[in-house]
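Chemist: Before I ask anything, let me first share the structure, which is written out below as structure tokens.
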Amino acid sequence: MTPRRPVTPPMAIALAAGLTVLWHAILFASAELVPVFDAAYLSTTLINLSTAPVALVAAFVLGDWRLTGFAPTPAHAAASPRAGRILLVLPLFAVNLVYLAQGFEGDAETLLRLAGLCLAVGIAEESLSRGVVQHVLGGLPPARTAIAVGVLFGLGHALSGAWFETPVEDVAFQVVSTTAFGFGYAAARFHLATIWPLVAAHALDDQLQLASPGAAPWPVQLAVAVAFVAYGWWLLRRPGVAAATAT
Numbered sequence: 000m001t002p003r004r005p006v007t008p009p010m011a012i013a014l015a016a017g018l019t020v021l022w023h024a025i026l027f028a029s030a031e032l033v034p035v036f037d038a039a040y041l042s043t044t045l046i047n048l049s050t051a052p053v054a055l056v057a058a059f060v061l062g063d064w065r066l067t068g069f070a071p072t073p074a075h076a077a078a079s080p081r082a083g084r085i086l087l088v089l090p091l092f093a094v095n096l097v098y099l100a101q102g103f104e105g106d107a108e109t110l111l112r113l114a115g116l117c118l119a120v121g122i123a124e125e126s127l128s129r130g131v132v133q134h135v136l137g138g139l140p141p142a143r144t145a146i147a148v149g150v151l152f153g154l155g156h157a158l159s160g161a162w163f164e165t166p167v168e169d170v171a172f173q174v175v176s177t178t179a180f181g182f183g184y185a186a187a188r189f190h191l192a193t194i195w196p197l198v199a200a201h202a203l204d205d206q207l208q209l210a211s212p213g214a215a216p217w218p219v220q221l222a223v224a225v226a227f228v229a230y231g232w233w234l235l236r237r238p239g240v241a242a243a244t245a246t
């Protein structure tokens, strides 16, 4: 099955935004419909898994289920040598270690259930954002693609914050941090054959933050956001990006 070429930039941005809104609409509907279970994190895990079909259906409509990033497309498979891909993603794992300074809490069973939730979030968010949305925006120059992916990722978290009535100041800070996160991950995606390394790094990021007894100090979170932007910009200047954007 041959994937279609990316649509024109205005249509691409509208389509990417529409997919982001649809994904969150399903998330919010599921949050209202899924019952609350006694088992820790089970309800939240099911709510996040309910959004996974959005990326899959969109990828099929666009012509190739691999656009989710679950399996490599020919363009992404040729982007970088395998060893290079592993090395390039290591900083995304390393930056998560700053959250260990706060420690973590919970027994083994609770942490295992939390890991399942974080994996579900990683799969659902990466297959949409760094999978289908990034492909849809692939007609833009790579830097603009990464910026657009990051902005949509951040605005998606703003929607979640508004729906779940999170304090405005917390939402504002989260939008900044998730936009930087999304930009860095989008830049890394250009060099990766699939989204699975990003899923793993994303899940670890969420696991360490959610298991922490408290949020990291804001200077630490700001430093992490700056690191994502700086590393993403460096990745965009490396060879292999042009090959990964080919269709």
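All letters in the sequence shown, in the order written, are residues 0 to 246 by our numbering.
Positions of the beta carbon are idealized from the N, C-alpha and C atoms, including for glycine.
1) Quick check on this structure: which residue in Gln101, Gly68, Cys117 and Ala51 has the alpha carbon closest to the alpha carbon of Val219?
2) Return yes when at least one heavy atom of the ligand SAM lies under 8 Å from the C-beta of Pro196, else no.
3) Note down the Cα distance separating Phe152 from Asp106, rounded to an integer number of angstroms.
4) Would you call the CB atoms of Phe250 and Leu234 closer than 9 Å?
5) Whole angstroms is fine: what's the gap from Ala54's alpha carbon to Leu61's?
6) Apart from the five residues just before and just after Leu23, which ones in its own chain have a Cβ nearer than 7 Å to its Cβ?
7) How do the stretch 125-141 and the stretch 192-209 stand: do at least 3 beta-carbon pairs fall below 8 Å, yes or no?
8) Can you tell me which of Ala39, Thr177 and Val33 puts its alpha carbon nearest to the alpha carbon of Leu45?
9) Tell me the rounded alpha-carbon separation between Leu41 and Asp205.
10) Going by alpha carbons, who is nearest to Ala250 out of Val150, Pro140 and Pro71?
11) So what does DSSP say about Glu104, is it helix, strand or coil?
12) What's the call for Pro212, buried or exposed, on a 16-neighbour Cβ count within 10 Å?
13) Determine whether the beta carbon atoms of Val97 and Ala187 lie at a separation below 9 Å.
14) Which stretch, first to last residue, makes up the alpha helix (DSSP H) that contains Trp232?
15) Return helix, strand or coil for Thr248, following the three-state DSSP convention.
16) Buried or exposed: Pro141, going by 16 or more other Cβ atoms within 10 Å of its Cβ?
Modeler: So, from the data block:
1) Gln101
2) The ligand SAM is absent from the structure shown, which contains no ligands of any kind.
3) 32 Å
4) Shown here, the chain extends from 0 to 246; a query on residue 250 therefore has no answer.
5) 10 Å
6) Residue 23 is actually His in this sequence, not Leu. Same-chain partners within the cutoff: Gly155, Leu158 and Ser159.
7) yes
8) Val33
9) 16 Å
10) Since the first residue of the chain shown is 0 and the last is 246, residue 250 is not available in this structure.
11) coil
12) With fewer than 16 Cβ atoms within 10 Å of its Cβ, Pro212 is classed as exposed.
13) no
14) Taken as a continuous stretch (DSSP letters only), the alpha helix (DSSP H) holding Trp232 covers Trp217 to Leu235.
15) The chain is shown only over 0 to 246; residue 248 falls outside these bounds and no answer can be derived.
16) Classification of Pro141: buried, given that the 10 Å Cβ count is 16 or more.
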